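A.B. asks: Here the protein sequences line up with chains Y and B, keeping their order.
Quick note on my numbering: the first sequence kicks off at 1 and runs consecutively.
Quick note on my numbering: the second sequence kicks off at 843 and runs consecutively.
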Amino acid sequence: MDAPDDFPADLLPEPFRRWFAGRGWAPRAHQLDLLAKARAGRSTLLIAPTGAGKTLAGFLPSLVELAARPAARTSARPPGLHTLYISPLKALAVDVARNLERPAQEMALPIRIETRTGDTPASRRQRQRRDPPDILLTTPEQIALLLASADAGHLFADLKRIVLDELHALAGSKRGDLLSLGLARLRTLAPAVQTVGLSATVADPDTLRRWLVPQRGAGEMGDMVVADPGAAPDLSMLDSAAHVPWTGHTARHSLKEIYRLIERHTTTLVFVNTRMQAELLFQELWHINDANLPIALHHGSLDVSQRRRVEAAMGEGRLKAVVCTSSLDLGIDWGAVDLVVNVGAPKGSSRLMQRIGRANHRLDEPSRAVLVPANRFEVLECRAALEAVRAGAQDGAVVRAGALDVLAQHVLGTACAGPFDADDLYAEVTSAEPYAGLSRADFDDVVGFNATGGYALRAYERFARIREMKDGRWRVANPQVAQQYRLNVGTIVESTMLKVRLAGAKARFGGRVLGEVEEYFVETMRPGDTFVFAGEVLEYLTIAENEVRVARTHATEPKVPSYAGGKFPLSTFLAAGVRALLSEPARWASLPDQVHEWLDLQKLRSRLPGREDLLVETFPRGGRYHLVAYPFEGRLAHQTLGMLLTRRLDRAGLHPLGFMANDYALVIYGVSDMSLAVARGKLSLDALFDADMLGDDLEEWLAESALMKRTFRQCAVIAGLIERRFPGKEKNSRQVTMSTDLVYDVLRRHEPGHVLLRAARADAATGLLDIRRLSDMLVRIRGRIDHVVLPRVSPLAVPVMLEIGREMVAGGASEALLAEAEGELIREAMRADDDRDRDGRR
Amino acid sequence: MPTTTATATAGDEGTNEGEIALAGARLVLDPTGALWWPAERALLVADLHLEKGSAFAARGVPLPPYDSRATLSLLELVVARWNPRTIIALGDSFHDRGGAGRLGEEERASLASLARGRDMVWIAGNHDPEPMPGLAGMHAGELRIGPLTLRHEPAGPLPAMGDGRQAAPGEVAGHFHPVARLVLRGRSLRRRCFATDGRRLVMPALGAYAGGLNIRDAALAGLFGGDFDAHVVGAARTYRIAHHACLPDR
Chain Y
1 MDAPDDFPAD LLPEPFRRWF AGRGWAPRAH QLDLLAKARA GRSTLLIAPT GAGKTLAGFL
61 PSLVELAARP AARTSARPPG LHTLYISPLK ALAVDVARNL ERPAQEMALP IRIETRTGDT
121 PASRRQRQRR DPPDILLTTP EQIALLLASA DAGHLFADLK RIVLDELHAL AGSKRGDLLS
181 LGLARLRTLA PAVQTVGLSA TVADPDTLRR WLVPQRGAGE MGDMVVADPG AAPDLSMLDS
241 AAHVPWTGHT ARHSLKEIYR LIERHTTTLV FVNTRMQAEL LFQELWHIND ANLPIALHHG
301 SLDVSQRRRV EAAMGEGRLK AVVCTSSLDL GIDWGAVDLV VNVGAPKGSS RLMQRIGRAN
361 HRLDEPSRAV LVPANRFEVL ECRAALEAVR AGAQDGAVVR AGALDVLAQH VLGTACAGPF
421 DADDLYAEVT SAEPYAGLSR ADFDDVVGFN ATGGYALRAY ERFARIREMK DGRWRVANPQ
481 VAQQYRLNVG TIVESTMLKV RLAGAKARFG GRVLGEVEEY FVETMRPGDT FVFAGEVLEY
541 LTIAENEVRV ARTHATEPKV PSYAGGKFPL STFLAAGVRA LLSEPARWAS LPDQVHEWLD
601 LQKLRSRLPG REDLLVETFP RGGRYHLVAY PFEGRLAHQT LGMLLTRRLD RAGLHPLGFM
661 ANDYALVIYG VSDMSLAVAR GKLSLDALFD ADMLGDDLEE WLAESALMKR TFRQCAVIAG
721 LIERRFPGKE KNSRQVTMST DLVYDVLRRH EPGHVLLRAA RADAATGLLD IRRLSDMLVR
781 IRGRIDHVVL PRVSPLAVPV MLEIGREMVA GGASEALLAE AEGELIREAM RADDDRDRDG
841 RR
Chain B
843 MPTTTATATA GDEGTNEGEI ALAGARLVLD PTGALWWPAE RALLVADLHL EKGSAFAARG
903 VPLPPYDSRA TLSLLELVVA RWNPRTIIAL GDSFHDRGGA GRLGEEERAS LASLARGRDM
963 VWIAGNHDPE PMPGLAGMHA GELRIGPLTL RHEPAGPLPA MGDGRQAAPG EVAGHFHPVA
1023 RLVLRGRSLR RRCFATDGRR LVMPALGAYA GGLNIRDAAL AGLFGGDFDA HVVGAARTYR
1083 IAHHACLPDR
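(1) Counting only Cβ pairs nearer than 8 Å, list the residues of chain B close to ARG465 of chain Y.
(2) Using a Cβ cut-off of 7 Å (strictly closer), state whether GLY812 of chain Y contacts chain B.
(3) With H, G and I counted as helix, E and B as strand and the rest as coil, what does DSSP make of ASP423 of chain Y?
(4) Within the same chain, show all residues whose beta-carbon is closer than 7 Å to that of LEU581 of chain Y, passing over the 5 residues directly before and after it, in chain order.
(5) Would the beta-carbon of ALA388 of chain Y fall within 7 Å of that of SER349 of chain Y?
(6) Find out if the Cβ-Cβ distance for the pair THR115 of chain Y, ALA104 of chain Y is shorter than 7 Å.
(7) Compare the C-beta of VAL743 of chain Y with all C-beta atoms of chain B and state if any pair is closer than 7 Å.
(8) Mark ARG623 of chain Y as exposed unless 16 or more other C-beta atoms lie within 10 angstroms of its C-beta, in which case mark it buried.
(9) Going by DSSP, what residues sit across from PRO656 of chain Y in a beta bridge?
(10) Give the DSSP-derived three-state secondary structure of ILE722 of chain Y in the structure shown.
(11) For VAL736 of chain Y, I'd like the list of residues in its chain whose CB is within less than 6 Å of its CB, leaving aside the five on either flank, ordered along the chain.
(12) Below 8 Å CB to CB, which residues in the same chain sit around ALA482 of chain Y once its five sequence neighbours on both sides are set aside?
(13) For the putative contact between HIS994 of chain B and ASP934 of chain B, defined by C-beta atoms under 8 Å, what is the C-beta separation to the nearest angstrom?
(14) Does VAL303 of chain Y come out as helix, strand or coil in the three-state DSSP assignment?
(15) Which residues in chain Y have a C-beta closer than 7 Å to the C-beta of ASP909 of chain B? List them in chain order.
(16) ARG749 of chain Y touches chain B at which residues, Cβ-Cβ below 8 Å?
(17) Around the C-beta of TRP878 of chain B, are 16 or more other C-beta atoms found within 10 angstroms, so that it is buried, or is it exposed?
(18) Run down chain B in chain order and give the residues with a C-beta less than 8 Å from the C-beta of SER739 of chain Y.
(19) In the structure shown, what three-state DSSP assignment does GLU807 of chain Y receive?
(20) With respect to the alpha helix (DSSP H) encompassing ASP697 of chain Y, which residues constitute its N-terminal and C-terminal limits?
(21) If we define contact as Cβ-Cβ less than 7 Å, is TYR455 of chain Y a contact residue for chain B?
(22) Go to THR640 of chain Y, then tell me how far its beta strand (DSSP E) extends in each direction, as first and last residue.
(23) Does the distance from the C-beta atom of ARG1082 of chain B to that of ASP1069 of chain B stay below 7 Å?
(24) Can you tell me where the beta strand (DSSP E) with PRO88 of chain Y in it begins and where it stops?
(25) What does SER896 of chain B reach in chain Y if we use C-beta pairs closer than 8 Å?
(26) For GLY946 of chain B, return the contacting residues in chain Y, with the cut-off set at a CB-CB distance below 7 Å.
(27) Keeping to the same chain, check which residues put their C-beta closer than 6 Å to that of TYR744 of chain Y; ignore five residues upstream and five downstream.
(28) Since ARG187 of chain Y and PRO140 of chain Y are thought to touch, with beta carbons under 8 Å apart, how far apart are those beta carbons, to the nearest angstrom?
(29) Here's the rule I'm using: 16 or more other beta-carbon atoms within 10 Å means buried, otherwise exposed. How should GLY392 of chain Y be labelled?
(30) Taking the alpha helix (DSSP H) that GLU861 of chain B belongs to, which residues open and close that run?
(31) Out of Y:HIS754, Y:VAL798, Y:GLU723 and Y:GLU751, which has the shortest C-alpha to C-alpha gap to SER739 of chain Y?
(32) Measuring CB to CB, does ALA359 of chain Y end up less than 7 Å from ARG368 of chain Y?
(33) Mapping the DSSP letters down to three states, classify LEU280 of chain Y as helix, strand or coil.
(34) Assuming ALA922 of chain B and LEU953 of chain B are in contact, meaning their beta carbons sit under 8 Å apart, how far apart are those beta carbons, in whole angstroms?
(35) Mind checking who CYS416 of chain Y pairs with in its DSSP beta bridge?
(36) Run the CB neighbour count on LYS256 of chain Y, radius 10 Å, all protein chains shown included, and call it buried at 16 or more, exposed below.
Encoded structure:
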């Protein structure tokens, strides 16, 4: 692991050797490799586990080069920026700067290191432009802002290196798209610049390698250095002694075991998939926290100051455990963490590997992680994930082209810096990996959008934001455009957040702010409903002035379970793993007895879903008829499928009443007998599941889909069609509000091919609607539908059946009703055909 | 006490579904958000906000330029349905004073053909207080026809007892763009609506980009004595919902 003593002497200058030795360290092989790559002028991707000195490896070449530079300081022109470090997290940039100061100071290197984030005072930001530091640590949004200023060319002219930290977390997202365009621009301004990507284990290293170098049509790639991955992780699944639930995501049955794990370890990170799960689990843990262990909560909805306090307490080793969401997937390393608990389904093997990597940063010791499935399907998913991690298998890469709305923002930003030539800019943009396949027509549409909105009806020529000059270059029409751009920069469009304020006992106002919730969550609540937030059960009182007013209650069970599903859908790779596991009964021995028994019964009563087939069951129950399909394509794709199937069934006169989807299956229920309709030839399942549903049916549904409208709003904001806080910052009560839904409706009707609608549809394909995955599935199962007609509900159908009616629970008696329904359903599914067997079953 | 305070209950004697009685006048609530007054063969519409898109474009926000076209198509549809003798627009027909000047040719022609053979009345709104040059029809501050007073902005809360102009029931106005929010089986709906207590009626905005204000907002709810109803527009009819069954938004 450590470097051999005979590494080339000139690679690491003497002061650096002494510094390493002084700390009792030896430079690691990958750190030296990066020095050699830098010397050879190669852009490089470094893949290394957490704790392997990854960041230092990224900076060493810069430090060595800068240490040798003092003489240049005396020249007439002060040297410009030497190295840019870009991180997805503001906090990470600040932390890395602090860690970098130490070697620089200890070796007395004449290097100025500074950070630049949204929190940096305006005076310092101005000074940084005039007199840049040697190393600047910042975020993608700040890069976009710097590039949009007239002095960008001057500022970046001397740039030698760009270090991209946690590159895997940025690539493949809109934030990554923006950064890739910024990189392309930086390469134009400083053609000799080298890039270094730092990443944890990643599904598709080749994409990241292409990111690092300009694309010229041949899939050019940067070099790659893979560090020693260290000891294999010690990974297990919690084999709970308690009953494994049929459904739900709280893992309440394993609570005591999780608590005991926390007790036995120094510091534990408990990961869950959603904020609400975090809330529930945190609350449950405190109910049984007899030893008063310091257990904290961390998720993206909590007040920032509260999150920072938790992070600080963690850094000081004052906490025994933190219950958290993906809010802590990335970030500052905490050396004391010796256990990671992942509650619920891991959803993807790459994400799981990253979470496991958060424990134990000493490479010679294995990271320890325990998976806690919350229900039976999650047992299967955890088993598949365990096997994937042991085999080092990653989720496949999701192929995705750079977003057009992000490109629109970048084009405007480029114009803000100075006039651009469309041909040159097109060449530059397509050198960025996500945009390598961008057509000239799409590019021109984006330029046209920035000019006059890009409408076929050319009504806005005189209001253009950018104009073509006589020499053919484009410039901004007036200084206000640049002003608008600066306010709008970035790709993170928060859903409207409402503050949650505790109403005082008497006073209508006052009271503490507990955090923020998304608007859509509140939209479905009525006064009197209770929900869990910030670790308490709260009663929803009212909404006033953009705040949710709540009161504490004595209730222990919230009325609104508010589980919006795992935030990330099951990955295609893990889905295939679960299907494989299901189709091979010989492998079930590794599963808990209850789960094993459940699958045995499914085999007996119905059939098992095949590896490539689509199992569809139809059966009557409770005066209704049900159709259950098991595509295993994740909740988002299933929801879209459910919407489209119910439309089709409705048209076929089969009167569906509704549907419910989880990550594994979906159920459609209605008043018509679907088994009978198939038997009589009135309903063809092949036709029902035909991929042509993605044509007119999809279009019709998209016209009214709230998800699609939300997607459009995000594109409109990112592209700068509307301002972030459109129409006004503050809504006074008399002001009439206009939503982007109206814009969507009008545009869709009058110009369905508009570039922003195209951007929104591309997002829908991979985002909230997951249409591409649905489409792949429909093609895969064509002619392979395995239909089973059943007299009653099958064991495998129980989990998704139990979710019917679970989305919203209103009224006090609902919990009791649900429990009753649940008991009935399970008895029915597990009941032996022969009544004598009944006593034999547990 | 005013003599006519007939409550507007669908199914009441003299009114059918989608109809209300206001100060003795029988009115039909069209699902487009327009109001049809059979006795006068008059069609009332409120808050068209024509050329709002181009007004935003002038400020650097190039909203799709099809809003006037969309709004006028809706107006054409409802005019074809009732074939009115008179069309009365209750103000804010244009989003700003320069609105009519920015109308496209197609939209200009559409307006002209709507006005052909009928009386067109443009009531002043706060966005368009002056007559628009080159627009067919007459301009008015407010209008009294039979028992009804038509104006843009409702004239403040009606006193329970009193005298003078404000006390008289029978006001039809716009300005507030009322919308109702409902939560049904966990789903949140926000739709345009008529708001009425049987004494006054506030009409929904017809404009494609007009947007809306929740009827539970104090500015709107305060116009009514206490009880009032939302008549929520649907695909083919309006739905009458008591105001307390509607939820506030933000």
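A virtual CB, placed ideally from N, CA and C, is assigned to each residue, including glycine.
On a predicted model such as this, the values are computed, not experimentally measured, just so you know.
C.D. replies: Quick look at the numbers:
(1) GLY902 and PRO904
(2) At GLY812 of chain Y, the pLDDT of 27 sits below 50, so the modelled position is not reliable; the number obtained from the coordinates is stated separately. No, GLY812 of chain Y does not count as interfacial toward chain B.
(3) helix
(4) So the list reads LEU380, ARG383, ALA384 and ARG587, once near-sequence residues are dropped.
(5) Cβ distance < 7 Å, so ALA388 of chain Y and SER349 of chain Y count as in contact.
(6) no
(7) Closer than 7 Å: yes.
(8) Going by the sequence as given, residue 623 of chain Y is Gly instead of Arg. Classification of GLY623 of chain Y: exposed, given that the 10 Å Cβ count is below 16.
(9) Y:GLY670
(10) coil
(11) At VAL736 of chain Y, the pLDDT of 47 sits below 50, so the modelled position is not reliable; the number obtained from the coordinates is stated separately. Excluding residues within five positions, none has a Cβ falling inside 6 Å.
(12) Leaving aside the five residues that flank ALA482 of chain Y on each side, the residues in its chain whose CB is nearer than 8 Å to its CB run, in chain order, ALA148, CYS416 and VAL476.
(13) 7 Å
(14) It should be noted that the sequence gives Asp, not Val, for residue 303 of chain Y. Looking at ASP303 of chain Y - three-state DSSP - the assignment turns out to be coil, as it is neither helix nor strand.
(15) VAL746
(16) TYR908 and ALA912
(17) buried
(18) GLY1053
(19) In this prediction, GLU807 of chain Y has a pLDDT of 39, which is less than 50 and means its spatial position is unreliable; nothing more can be read from the coordinates.
(20) 696–704
(21) yes
(22) Where THR640 of chain Y is concerned, there is no enclosing beta strand (DSSP E), although the alpha helix (DSSP H) it sits in stretches over 635–651.
(23) no
(24) From DSSP, PRO88 of chain Y is part of no beta strand (DSSP E); its letter is neither H nor E.
(25) ALA459, TYR460 and PHE463
(26) Result: ALA459.
(27) LYS709 and PHE712
(28) The Cβ separation is near 16 Å, so there is no contact.
(29) exposed
(30) Careful: GLU861 of chain B lies outside any alpha helix (DSSP H), inside the beta strand (DSSP E) at 861–864.
(31) Y:GLU723
(32) yes
(33) helix
(34) Going by Cβ atoms, the distance from ALA922 of chain B to LEU953 of chain B rounds to 15 Å, so no, they are not a contact pair.
(35) Note: CYS416 of chain Y sits in no beta bridge, so no partner.
(36) Exposed is the call here.
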